[in-house]
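Position 166 of the sequence shown, counted from 1, bears residue number 166 in the numbering used here, the numbering being contiguous throughout.
All C-beta atoms, glycine included, are put in the ideal place defined by N, C-alpha and C.
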Amino acid sequence: MNTREFAPFEKKVWLSSPTMHGEELQYMKEAYDTNWMSTVGANINEVERLTAEKVGCKYAVALSCGTAALHLAVKLAGVKPGDKVFASDCTFDATVNPIRYEGGIPIFIDMEYETWNMDPVALEKAFSIYPDVKVVVVAHLYGTPGKIDEIKEICDRHGAVIIEDAAESLGSTYKGKMTGSFGTVGVCSFNGNKIITGSAGGCLLTDDLEAANKAKKWSTQAREDAPWYQHEELGYNYRMSNVIAGVIRGQFPHLEEHIEQKKAIFKRYEEGFKDLPVKMNPMNLKDSEPNYWLSCMTINPEAMCKQVRGEQEALYVAEHGKSCPTEILETLKKYNAEGRPIWKPMHMQPLYRMNGFVTRDGDGRAKTNAYISGGAVGKDGLPLDVGMDIFHRGLCLPSDNKMTEEVQDKIIEIVKSCFE
């Protein structure tokens, strides 16, 4: 329980806010001066070139946001009403909602502790329960790549395509290859809190020229090549603005710089918390180099004070030597610093509570209820529902790359005080 008092931060310490450098204004002004203010222009062309080159794919289609890219990816995969689609369970709902846009039915695959991403063992089990599934949407959480080789091998064996949601992991690599380049279609995001930003925007990534052209056409209201406005299929207003593209173009040269800054933040937290009963999110993995987008931590089970969460509120009982995410987040807020809970798993969301959910031990619905009431574990001794466990014990720490070492040191002390 918090036993120390600190002076509040004069300026708010953000979770992850945009970091601007100046070149962005140059390219935005270029859009203004040339009067290319809409969805055509040199900035868009350059963002597509830079993104494809960085990720290591042949084509990138610049769109209004990552969600738009995911929607077009689901459409390209041929998802039809009633089709079941496997998806990462612990993620932002933008990973999953586009499945619904096309009438598909998401089936959620539990995460695993080693990477905090889709569990290949659970995915294999899911195919034994739902053998007709042909599309799998995989997200890389907080910048850490999932076990994409294992996932891809399973999908290939079952004749399923991968949509790779790399919205949080631009610049991350798995076995030397960039995330976003493993799937049939990949997606990246330039949202305001991402590793580089345009305030908005995203890209659809592919090696298939036909897929890229289809996505570009659909994103511009599916206009046909005719002298008038001719429309023969459903289209969308999803193309990226040339002004926003100017911001992204100015950000791209700073991607590696931002990654190094985020890495330094993670390492300082790792060192600062070494004597606490906590674990940082998995960044030190042998096969991957993450982009360290957000530094997160979980509290060891024995060091958790009592915490109860409803749909929109949470309560906890303070206890000496113990803490919980609710206490730490409320304490950070008290001192003008922003943290966040870990993504609440999709199978726990009211919108998706009736959808299928598969753990490594099979269909997880009844077993999840058992874990809530009695702490049931699987044959390997792990909780049957890993996503719920990490959500219950975990939180995202302030990870803004403009945060000074002095500010971060104070954040560390504030967190430590919650365990006193």
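- With fewer than three CB-CB distances shorter than 8 Å, the stretch 110-127 does not count as touching the stretch 167-186.
- In the DSSP assignment, M280 is bridged to M297.
- Runs of the alpha helix (DSSP H) lying entirely within the stretch 139-223, each at least 4 residues long, are 148-157 and 209-219 in chain order.
- At a Cβ-Cβ threshold of 8 Å, K416 and L276 count as neighbours.
- Here the alpha carbon of F252 sits roughly 12 Å from the alpha carbon of I259.
- The alpha carbon of C90 has as its nearest neighbour, out of K274, D400 and V138, the alpha carbon of V138.
- In the DSSP annotation of this structure, S88 is not part of any alpha helix (DSSP H); the continuous beta strand (DSSP E) holding it starts and ends at K84 to S88.
- In this structure the stretch 16-26 does not touch the stretch 404-411; the number of beta carbon pairs closer than 8 Å is below three.
- Its Cα nearest to that of M304, the residue E319 stands out among K12, E233 and E319.
- If you check the CB distance, I154 and V185 do not come in under 8 Å.
- Residue range P120 to I129 is occupied by the alpha helix (DSSP H) that includes P120.
- Membership of R309 in the beta strand (DSSP E) is indicated by the continuous run K306 to R309.
- Inter-segment contact for the stretch 102-115 and the stretch 49-66 is absent: fewer than three beta-carbon pairs are separated by less than 8 Å.
- Runs of the beta strand (DSSP E) lying entirely within the stretch 1-75, each at least 3 residues long, are 59-63 in chain order.
- Taking 8 Å as the cut-off, the Cβ atoms of N281 and W116 count as close.
- For the 8 Å CB-CB criterion, C324 and L15 do not form a contact.
- Per DSSP, reduced to three states, the secondary structure at N117 is coil, with no helix or strand assignment.
- Going by DSSP, G387 is part of the alpha helix (DSSP H) stretching over V386 to R393.
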